[in-house]
Amino acid sequence: MAKKQFYKRQRNPIILLVCEGKNKTERKYFSHYQVRESHYRLAIKDSEATDVMGMARHAANLYKEYQMDPAIGDLAFCLIDLDLRRDKYDAYLKAKQKYPQVRFIVSNPCFEIWLLYYFTENPKAESSSQAVKEQMKKYVPGYNEAMDVYDQCDLADKYAVAINRSEKKNKLYSEESALVKRNPYTNVQDLVMLLLDV
Numbered sequence: 001m002a003k004k005q006f007y008k009r010q011r012n013p014i015i016l017l018v019c020e021g022k023n024k025t026e027r028k029y030f031s032h033y034q035v036r037e038s039h040y041r042l043a044i045k046d047s048e049a050t051d052v053m054g055m056a057r058h059a060a061n062l063y064k065e066y067q068m069d070p071a072i073g074d075l076a077f078c079l080i081d082l083d084l085r086r087d088k089y090d091a092y093l094k095a096k097q098k099y100p101q102v103r104f105i106v107s108n109p110c111f112e113i114w115l116l117y118y119f120t121e122n123p124k125a126e127s128s129s130q131a132v133k134e135q136m137k138k139y140v141p142g143y144n145e146a147m148d149v150y151d152q153c154d155l156a157d158k159y160a161v162a163i164n165r166s167e168k169k170n171k172l173y174s175e176e177s178a179l180v181k182r183n184p185y186t187n188v189q190d191l192v193m194l195l196l197d198v
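Residue 1 is where the sequence shown starts when you use my numbering, and the numbers rise one by one after that.
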């Protein structure tokens with residue numbers, strides 16, 4: 001008599017995104033990538049900690065809790081804003097060393113730089129995150145962090161333009177230039193390309 005074979009149901013890879021708890025912008029934007037027919041399971045989690053090391057620790061803890069496995073494609077990301085601050089940049093460098101299982105999606109000064117690439121080829125360098133948010137209001141009247149810009153501005157089919165613009169800008173920076181000195185800067189496009197399997 002033949003032995004019964006047991007098959008383990010394979011699960012889709014988990015892509016974990018850890019966002020600052022107070023920032024609704026990132027959560028709203030990435031929630032549009034939580035689609036049933038995708039090749040991954042997207043888990044978006046808020047971090048009570050707003051400091052880079054605390055967020056990275058939270059991501060590492062969730063990595064263990066979810067029993068994530070890089071062999072099947074599981075990935076953990078922390079979305080951080082440098083806010084043009086050297087101390088945040090230094091904390092990011094330390095967190096990269098301490099938590100190698102966590103990848104970082106960095107924007108400088110803030111995530112809205114990514115959103116601006118949907119509307120303009122050249123977002124202006126600004127002296128603060130608040131100034132970047134004011135710049136957003138030129139393209140999205142009444143913009144605020146609670147707004148669902150993705151839906152409201154119908155961004156679903158415009159990602160290729162934003163990706164190209166962001167990559168083009170990033171190529172202008174010297175490899176030796178620290179991320180905190182790159183203004184504006186974001187690597188959100190890397191995560192978006194992964195989610196879209198581009």
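Glycine is no exception: its CB is placed at the ideal position from the N, C-alpha and C atoms. Values in this document were obtained by computation on a predicted structure and should not be read as measured data.
Between the CA atoms of residue j and residue i - distance to the nearest angstrom
i	j	result
Phe-111	Tyr-117	11 Å
Met-68	Leu-42	12 Å
Arg-86	Val-192	26 Å
Ala-71	Val-188	23 Å
Arg-165	Met-147	23 Å
Leu-236	Gln-34	The requested residue 236 does not occur in the structure, where the chain is confined to residues 1 to 198.
Asn-277	Asn-61	Absent from the structure is residue 277, since the part of the chain shown begins at 1 and ends at 198.
Phe-6	Ala-160	Note that Phe-6 scores 46 on pLDDT, short of 50, meaning its location in the model is unreliable and no value can be drawn from it.
Contact under 9 Å by Cβ, residue i with residue j
i	j	result
Tyr-185	Val-106	yes
Val-140	Gln-130	no
Pro-13	Leu-79	no
Tyr-150	Lys-28	yes
Asn-183	Glu-126	yes
Among the options, nearest to residue i - alpha-carbon criterion
i	options	result
Thr-50	Ala-91, Gln-97, Asp-154	Ala-91
Ile-163	Val-102, Glu-48, Leu-115, Leu-179	Leu-115
Ala-56	Lys-96, Leu-84, Phe-30	Lys-96
Leu-93	Ser-128, Met-53, Thr-120, Glu-20	Met-53
Lys-45	Ser-38, His-32, Ala-59, His-39	Ala-59
Asn-23	Asp-81, Tyr-66, Tyr-40	Asp-81
Residue i in three-state terms, based on DSSP
i	result
Phe-6	At Phe-6, the pLDDT of 46 sits below 50, so the modelled position is not reliable; the number obtained from the coordinates is stated separately. DSSP places Phe-6 in coil when its eight states are reduced to three.
Val-192	helix
Glu-48	coil
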